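Engineer:
4 protein chains.
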Amino acid sequence: MARTKSVGSRDRLDRLYKDCCEQSDTFAGYPCNTDFDYSELFRFLDFPLNNVGDPFNPCSYHLHTREIEREVLQWFADLLHAPEGDWWGYVTNGGTEGNLYGLYLARELHPRGMVYFSQDTHYSVSKNLRLLRMPHIMIKSQLSGEIDYEDLRETLRIHRDVPPIVFANIGTTMKEGVDRVDLIQEMLDGLAIPSYYIHCDMALCGMTLPFIDGAPFFDFADGIHSLSISGHKFIGSPVPCGVALALKRNVDLIARSIEYVGTLDTTISGSRNGFSPLILWHAIKMKGKRGFRSEVARCIGNARYAVERFESVGWKAWRNPHSITVVLERPPARILDKWQLAVQESTAHVIVMPHIDREKIDALAEDLERCRNEAN
Amino acid sequence: MARTKSVGSRDRLDRLYKDCCEQSDTFAGYPCNTDFDYSELFRFLDFPLNNVGDPFNPCSYHLHTREIEREVLQWFADLLHAPEGDWWGYVTNGGTEGNLYGLYLARELHPRGMVYFSQDTHYSVSKNLRLLRMPHIMIKSQLSGEIDYEDLRETLRIHRDVPPIVFANIGTTMKEGVDRVDLIQEMLDGLAIPSYYIHCDMALCGMTLPFIDGAPFFDFADGIHSLSISGHKFIGSPVPCGVALALKRNVDLIARSIEYVGTLDTTISGSRNGFSPLILWHAIKMKGKRGFRSEVARCIGNARYAVERFESVGWKAWRNPHSITVVLERPPARILDKWQLAVQESTAHVIVMPHIDREKIDALAEDLERCRNEAN
Amino acid sequence: MARTKSVGSRDRLDRLYKDCCEQSDTFAGYPCNTDFDYSELFRFLDFPLNNVGDPFNPCSYHLHTREIEREVLQWFADLLHAPEGDWWGYVTNGGTEGNLYGLYLARELHPRGMVYFSQDTHYSVSKNLRLLRMPHIMIKSQLSGEIDYEDLRETLRIHRDVPPIVFANIGTTMKEGVDRVDLIQEMLDGLAIPSYYIHCDMALCGMTLPFIDGAPFFDFADGIHSLSISGHKFIGSPVPCGVALALKRNVDLIARSIEYVGTLDTTISGSRNGFSPLILWHAIKMKGKRGFRSEVARCIGNARYAVERFESVGWKAWRNPHSITVVLERPPARILDKWQLAVQESTAHVIVMPHIDREKIDALAEDLERCRNEAN
Amino acid sequence: MARTKSVGSRDRLDRLYKDCCEQSDTFAGYPCNTDFDYSELFRFLDFPLNNVGDPFNPCSYHLHTREIEREVLQWFADLLHAPEGDWWGYVTNGGTEGNLYGLYLARELHPRGMVYFSQDTHYSVSKNLRLLRMPHIMIKSQLSGEIDYEDLRETLRIHRDVPPIVFANIGTTMKEGVDRVDLIQEMLDGLAIPSYYIHCDMALCGMTLPFIDGAPFFDFADGIHSLSISGHKFIGSPVPCGVALALKRNVDLIARSIEYVGTLDTTISGSRNGFSPLILWHAIKMKGKRGFRSEVARCIGNARYAVERFESVGWKAWRNPHSITVVLERPPARILDKWQLAVQESTAHVIVMPHIDREKIDALAEDLERCRNEAN
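Protein chains in written order, with UniProt numbering: chain E, 1 to 376; chain C, 1 to 376; chain H, 1 to 376; chain B, 1 to 376.
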């Protein structure tokens, strides 16, 4: 092992490591699983792995994990009902890149298209839309985090002359609200809009809802055109990663239109991380659909428990059905900081990820109770 | 260590590892150093590190390496003469993201700006320009890979009504040709163009030319506005990464213009890899400027040796001054494949990275010689 | 007669002819009359007839039928109440070209105009609008195939800032629904929209409704601006053809605006079929208005009979008033194929053209009955 | 045979027929062969043939000649070196429709593309460009009718930021000038323009130049993207018709982008003439490549003879190499009218089609001589 020679540097790393260990203990506000062990894969970090370009094309750069990547993509394509022979995708550097890809695709198909997304949509989407120079309209949200269908319908009606590009949240960041793609499609048909595009951001819920019977969930089987899912959220990963999937026929269209620039590579990055596919592959092989199903069930149970527990100490809390996100009355700064909770106006949220067990929920509930008592 | 339970899966990983070991031996065509050891950092892969958003802003997500990242950025800012107090940057997922960032910045400053770049520019730039919906003109290249100044001047003259955004290569991908930023600035002044933007893609050479006395090199000291440099190229990294640097005054302007979306975060990704900054930091601490200087000198010497060696076996080869890229007459497919050489029309190139020692150069020269003999 | 020398080729033609004879027998799903005999005109097929350009301009190409064409146009202008001295037109290659012409004209008059058309409009209109790069909004249809006036009114109200271009169906393809131009005009007046354009697609019904007393019908007398009518539909023709008519004052405006390209020819095609005008002329001379009136009456009677007949065998069927199109519950594939019926979701339609006599209706009814019995 | 009942009508037809016979005798100014006999096909005019939509898709309208049409297309695809498996096309209503199709395709591929075409281009192209709302620049022509390469180069240079769409004439209407596609491609490469489209209008010469050894000719083998050829020109047809051919990969792109309007049919017309394919098929079967080759050779010989003959009577005349168009000093109106010659400023042209034999050339020469003598 090559160790940095200076004692100062080694101390820095040790301190950072210790800090990470501590912070992990009370990491309850982000939808990122900390419960993983990929040490079996570390030996691959001795190579400059690089899955340059399209994972389905051959490449003269031989230090890659493209085969592994394709297996990962196939697994997700199966899970999310991508039509056989008509899907394409790649492992991304995170959910944002997958969303950027889907929107880019939509723009190439509908150069004059108007993007609609709800108020509760992650802020990176607005950044992406600016990057892509795409016109867009933000739609109101319901209290549940779900899009306001009446506002969407009225707005679509007014803009019927431009093809709509609907950016649907399958689980919003703060409340895990799910935009009902079926209702949106009915609406588009009702308005006699013949041509549209639906991209689904299922960063977190793409790995929970498919494993919950009876949960509202929308994927390629429901007629969506592309989706983005995160790898470092429910699955858990030391580096942000994700999967972008889209209908192949549409990707081919982009590929063709950029062929003139001398490549068929439509990925956003050029050089691509070859280690992330190994991580996702490892997780899939270790757990399988059965494993994820039982993990999701456990989280749902714990989330239910968390709401009850917080309420029992007099702290308002609620969750959407089938959701592992618990929305609660905003605690004071000290608690927010300790448990690393993200806030939105007067609320905060705890995400009951696999590493959040009942013991941690109890600890947080006790903190809240103490805080409630002090206030009285 | 959590090992995948199935024997099949473990075999797959073992085979992949073995394959990577073999391919590393003859990895001579890409500007990616394979000569690194970051095992001291592997323990950090037990955490879901994430440097969400702007590295200079605080964040409620506590599992991050932002402090380390800021030190890395400071090191590069010093190296590349970024003006004190007026620079900003972040660690990216590779050179492409840094170029995308620079062009995005340029577009926000000059919404009607026209981008100029040479024929020898990496194809990802054309992809980026399409993504960004920026008008652009490809300029001819000289044989050296450097931009054709006459063509650039004529084209600029014709389009004097729109602000120019010059995408300069400080080392092209295939020939390491360096666009002379000083000449371009003289040209712009000569044409009385008051307002322009210069972004430099120094993916590889940002880590070689600053360490070579007398080499043509251009950075913030020469009035450029932004730059992108790769971390997985000369430095070497198991995952693609890089550094984007830009003038802070311009970044602040974007930040303000996207503030209405409720964030000051101007990074392209949202969630950002927290492991890459550790890698760059480790490399910097291990080697320091002195270490890189001697490593570059060794590579330059080996590149000179390679040209002589290839010529000695009757194989045409040449390199630009101060370049570690050796351009050679295109060998047959068998050699291209074995040594993983990228080609362009009738030429191929060998990049004499730190892991390409004289022994490897000799082996490749012998392959070329054998091939020459068979042909006769 | 020049016969192809090879026996194989002659056999091919003979087989094709036999196949056409057979298919003619059960040709019931398209609004194309098969009942015609133009053999008197075949001798003209010995010349390369070509009505190049505007039928009202002289031409140095002497092998043409422009005089005949002008007589045909005059006949239609009379029938459809085109204002004397203020109409222009030409014989087209079919209804699509006439619609393209009308929309083109509308666009030149209202460069920023928005096109409105109902869901039941023929798909070629959407293709045309794309070709013409015209913004457009599809409006809902009623069950009858007629446009939904409430939806149209709301949509017009929202877009009052751009001049409306209404594409009205005088007989939709699938149900012969007639858009009430009078109601639409009232609506436009009610919304205080001062400037608009109405084009009518009367492909089939332009030759039926004018001959039915009391039928809803709209032409130049009602203030429309242009129309398209097919020649190969009710009239019957071996080659697709049609007539485009428009207000001359508007055509002159286009003519002037394209004059700079050195021609006053505003037709979409350059070289134009000189045989089609002969066909239309022949039909007009053979039948006259009186002949068409009695033929239409016969078809209407047969259509009424068909609805009763289909209902009598337990097959749901209905038709719009004054319509020769019978909409019926969708039969199985075998019947669709035999009778060449076009379908839309759960319905199909039989068009009771002049060649569909009661004998054929009976035969189709029997097929349906058999099918009903098998199902039970 | 159904004869029009009125004597007046029959007289009209008889007079028209007689007039056509007479005009045929001195039909020397248009590139339309009058020398054909398709009477073997007349029996097909008893059916309402209609090749609705894409010739390669199935259709529920059974009275069609799609199989015949596909064979015709295959013959042209072979002749013009369309890449196997990557071409698509259809039989059009004439060369204009084929040009409109090619330009439409180019526009969909390059929505911001700029069209370049020479001054000698047929005026219908300007009409088409207006219809398609495509920006365009007319380039100067050389005296030969060929495009002025210097002007093209300069204009391209100025507009390097928008993808060029080159509309090349493979035989201009008035002088049969051929735009050198190879020189244009070199020019585009020299200007480092990475992305462009080339459409060739080979209305007449698509059936002459491929049969002349050593003639300059450009087709798919030379990298063009689409072409239009006329059927009623060299081949000869009683109704205008033609063939449009394009790269399938690009057509699929349009098809995809209009799929949203519910169809994959990309043809300009909807209903399509089913008789024209029979005509082209008959001509191909009767003559074959060998037959056309000898017919072209004869025409070339006669054209050479015509130049000599006109010159011999003191009438200035010339022709481009390999051309059947003879350009001559403009004769007085009486001769223009008798021989139906089209004029351009001070010149007129005689097209030495298959039906223009030496006897006719002599007769015209004598008319010119007489005219020359009268003038002196």
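Heads up, the beta-carbon is just placed ideally off N, CA and C, and yes, glycines get one too.
Source: prediction; values computed, not measured.
Taking DSSP's pairing of strands, which residues face ILE139(H) in a bridge?
Structural biologist: Here residue 139(H) refers to the residue found at position 139 when the third sequence is read from its first residue. Per DSSP, SER118(H).
Engineer: So does the region 288-307 of chain C actually touch the region 210-220 of chain C, counting three or more Cβ pairs closer than 8 Å?
Structural biologist: yes
Engineer: Please check if any C-beta of chain E sits within less than 8 Å of the C-beta of MET138(H).
Structural biologist: The sequence position of residue 138(H) within the third sequence is 138, counting from 1. True, the Cβ-Cβ gap to chain E drops below 8 Å.
Engineer: Is the beta carbon of ALA28(H) closer than 8 Å to that of ILE356(H)?
Structural biologist: As a working mapping, residue 356(H) is identified with position 356 in the third sequence. As a working mapping, residue 28(H) is identified with position 28 in the third sequence. Taking 8 Å as the Cβ cut-off, ILE356(H) and ALA28(H) qualify as a contacting pair.
Engineer: Going by C-alpha to C-alpha distance, which of LEU13(B), ASP25(B), TYR17(B) sits closest to LYS338(B)?
Structural biologist: Here residue 338(B) refers to the residue found at position 338 when the fourth sequence is read from its first residue. It is ASP25(B).
Engineer: In the DSSP assignment, find the unbroken beta strand (DSSP E) run with TYR197(E) in it and report its ends.
Structural biologist: Your numbering for residue 197(E) matches position 197 in the first sequence. It spans 197-201 - the beta strand (DSSP E) in which TYR197(E) sits, taken as one unbroken run.
Engineer: Along chain C, in chain order, which residues have C-beta atoms closer than 8 Å to that of GLN344(E)?
Structural biologist: Stepping through the first sequence from its first residue, residue 344(E) is reached at position 344. Correct list: empty, because the minimum Cβ distance to chain C is about 11 Å.
Engineer: Quick one: Cα of SER237(B) to Cα of ASN57(H), how far?
Structural biologist: Translated into the one-based positions of the fourth sequence, residue 237(B) becomes position 237. Translated into the one-based positions of the third sequence, residue 57(H) becomes position 57. SER237(B) and ASN57(H): Cα-Cα distance of roughly 23 Å.
Engineer: Count the other CB atoms, across all protein chains shown, that sit within 10 Å of the CB of SER195(B); report buried if there are 16 or more and exposed otherwise.
Structural biologist: The sequence position of residue 195(B) within the fourth sequence is 195, counting from 1. Per the 10 Å Cβ criterion, buried.
Engineer: Would you verify that the beta carbon of THR121(C) is, or is not, closer than 8 Å to some beta carbon of chain B?
Structural biologist: Numbered from 1 along the second sequence, position 121 holds the residue referred to as residue 121(C). No, THR121(C) lies away from the interface with chain B (no Cβ there is under 8 Å from its Cβ).
Engineer: At which residue ranges does the region 288-362 of chain B contain complete alpha helix (DSSP H) runs of 4 or more residues, listed in the order of the chain?
Structural biologist: 333-339
Engineer: With which residues is PHE167(B) paired in a DSSP beta bridge?
Structural biologist: For this step, residue 167(B) is matched to residue 167 along the fourth sequence. DSSP lists HIS199(B) as partners of PHE167(B).
Engineer: By the criterion of Cβ-Cβ separation under 7 Å, what are the contact partners of ALA106(E) in chain C?
Structural biologist: Residue 106(E) sits at position 106 when you count from the first residue of the first sequence. By Cβ distance, chain C contributes nothing, its closest Cβ being about 13 Å from ALA106(E), past 7 Å.
Engineer: I need the DSSP call for SER6(H), collapsed to helix, strand or coil.
Structural biologist: Position 6 of the third sequence holds residue 6(H). If DSSP states are grouped into helix, strand and coil, SER6(H) belongs with coil.
Engineer: Which chain C residues are close to ILE193(B), counting only those with a beta carbon under 8 Å from its beta carbon?
Structural biologist: Counting from one through the fourth sequence, the residue named residue 193(B) turns up at place 193. Per Cβ cutoff of 8 Å: MET138.
Engineer: Give me the subset of the region 350-369 of chain C whose CB atoms are less than 9 Å from a CB atom of chain B, sorted by chain position.
Structural biologist: none
Engineer: Residue range of the alpha helix (DSSP H) that SER126(B) falls in?
Structural biologist: Start at 1 with the first residue of the fourth sequence, and residue 126(B) comes out as number 126. Its alpha helix (DSSP H) spans residues 123-131.
Engineer: Against chain H, does HIS62(B) count as a neighbour if the rule is that its beta carbon must be under 8 Å from one of theirs?
Structural biologist: For this step, residue 62(B) is matched to residue 62 along the fourth sequence. Chain H contact via Cβ: present.
Engineer: Suppose you measure from the CA of ALA244(H) to the CA of GLU150(E); what does that come to, to the nearest Å?
Structural biologist: Position 244 of the third sequence, counting from 1, holds the residue named residue 244(H). Position 150 of the first sequence, counting from 1, holds the residue named residue 150(E). Computed Cα separation, rounded: 43 Å.
Engineer: Could you give the uninterrupted runs of the alpha helix (DSSP H) lying entirely in the region 45-90 of chain H, keeping only those of 4 residues or more?
Structural biologist: Taking only runs of at least 4 residues, the alpha helix (DSSP H) segments lying wholly in the region 45-90 of chain H are 66-79.
Engineer: Alpha helix (DSSP H) containing VAL181(E): first to last residue?
Structural biologist: If you number the first sequence from 1, residue 181(E) lands on position 181. VAL181(E) -> alpha helix (DSSP H) spans 181-190.
Engineer: Going by DSSP, name the residue or residues bridged to LEU245(B).
Structural biologist: Translated into the one-based positions of the fourth sequence, residue 245(B) becomes position 245. Partner(s): GLY89(B), LEU227(B).
Engineer: By the criterion of Cβ-Cβ separation under 9 Å, what are the contact partners of HIS282(C) in chain E?
Structural biologist: Within the second sequence, the letter at position 282 stands for residue 282(C). By Cβ distance, chain E contributes ALA2, THR4, SER9, LEU13.
Engineer: Might you give, ordered along the chain, the residues of its own chain that have their beta carbon closer than 7 Å to the beta carbon of ILE137(H), omitting 5 neighbours on each side?
Structural biologist: Indexing the third sequence from 1 puts residue 137(H) at position 137. Taken in chain order, the residues that qualify are MET114, TYR116, THR155.
Engineer: Do LEU368(B) and HIS349(B) have their CB atoms nearer than 8 Å?
Structural biologist: Locating residue 368(B) in the fourth sequence gives position 368, where the first residue counts as 1. Locating residue 349(B) in the fourth sequence gives position 349, where the first residue counts as 1. No.
Engineer: Go through its chain and collect everything with a Cβ distance to GLU295(E)'s Cβ below 6 Å, but skip five positions before and after it.
Structural biologist: Looking up residue 295(E) in the first sequence gives position 295. Result list for GLU295(E): PRO354, in chain order.
Engineer: Going by C-alpha distance, which of MET174(E), VAL251(E), ASP11(E) is nearest GLU108(E)?
Structural biologist: Start at 1 with the first residue of the first sequence, and residue 108(E) comes out as number 108. Checking every option, the nearest Cα to that of GLU108(E) belongs to VAL251(E).
Engineer: Residues in the same chain with beta-carbon distance under 6 Å from GLY314(E), minus the five sequence neighbours each way, listed in chain order, please.
Structural biologist: One-based indexing of the first sequence puts residue 314(E) at position 314. Contacts found: ARG372.
Engineer: Assuming GLU71(B) contacts TRP281(B) under a Cβ cut-off of 8 Å, what Cβ separation, rounded to an integer in Å, is found between them?
Structural biologist: By one-based count along the fourth sequence, residue 71(B) stands at place 71. By one-based count along the fourth sequence, residue 281(B) stands at place 281. Sure, about 6 Å apart at Cβ, within 8 Å.
Engineer: Using a C-beta cutoff of 8 Å, does ASP161(E) count as contacting chain H?
Structural biologist: Along the first sequence, one-based indexing puts residue 161(E) at 161. Closer than 8 Å: yes.
Engineer: Within a Cβ cutoff of 6 Å, which residues of the same chain sit near PHE145(E), ignoring the five residues on either side of it in sequence?
Structural biologist: Position 145 of the first sequence, counting from 1, holds the residue named residue 145(E). Here residue 145(E) turns out to be Gly, not Phe, going by the sequence shown. For GLY145(E), same chain residues with a beta-carbon under 6 Å away, outside a window of 5 residues either side, are ASP120, THR172, LYS175, GLY177 in chain order.
Engineer: With three or more C-beta pairs closer than 8 Å as the rule, is the region 263-273 of chain B touching the region 315-323 of chain B?
Structural biologist: no
Engineer: Taking Cβ-Cβ distances below 8 Å as the criterion, which residues of the region 143-161 of chain B are in contact with chain C?
Structural biologist: Taking 8 Å as the Cβ-Cβ cut-off, the region 143-161 of chain B approaches chain C at ARG157, ILE158, ARG160, ASP161, given in chain order.
Engineer: Show which residues of chain E have a CB atom less than 9 Å away from the CB atom of THR34(C).
Structural biologist: Locating residue 34(C) in the second sequence gives position 34, where the first residue counts as 1. By Cβ distance, chain E contributes ASP46, PHE47, PRO48, LEU63.
Engineer: Spell out whether any CB of chain F is found under 8 Å from the CB atom of SER124(H).
Structural biologist: Absent from the structure is chain F; the protein chains it does hold are E, C, H and B.
Engineer: Since MET114(H) meets chain E, which of its residues come closer than 8 Å, beta carbon to beta carbon?
Structural biologist: As a first step, residue 114(H) is located in the third sequence; it is residue number 114 there, counting from the start. Taking a Cβ-Cβ threshold of 8 Å, the residues of chain E close to MET114(H) are ASP161, in chain order.
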